[in-house]
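Residue numbers for the sequence shown follow my numbering, beginning at 2 and rising by one. Step one of this worksheet: look at the structure below.
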Amino acid sequence: AGIGAKLGGFKWAQSLRTGIGMIPRGEVALIISSMALTRGIFTQTEFSTTVLLVVISAVITPPLLKIAFKEKGGTA
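So this is what it looks like as structure tokens:
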């Protein structure tokens, strides 16, 4: 999303913020992984890895956004 924003004419800082803001969009990954698990395409390990990555990305996104929106010499 950040690259798309940059290609769309946004400045680097705005593109970075857009990219970071899109990190926790894991609900689609969870749905697809769940379907793959029930159809035997994914193993339990692959499904668990997907869930773990979605949770981690949801946890790290708020602090990253706070840093990305922090102004020089100020607070978020």
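The C-beta atom is built at its ideal place from N, Cα and C for all residues, glycine as well.
>> What does the alpha-carbon distance come out to for the pair S49 and L8?
In response: 34 Å
*asked:* I need the straight-line Cα distance from G22 to T51, nearest angstrom please.
replied: 19 Å
*Alpha carbon to alpha carbon, what distance is there between G10 and I57?*
30 Å
Q.
Measuring straight from C-alpha to C-alpha, what distance separates A14 and G41?
A. If you take the alpha carbons of A14 and G41, they lie about 42 Å apart.
Separation of L65 from E47, as counted between CA atoms: Between E47 and L65, the alpha-carbon positions lie close to 26 Å from each other.
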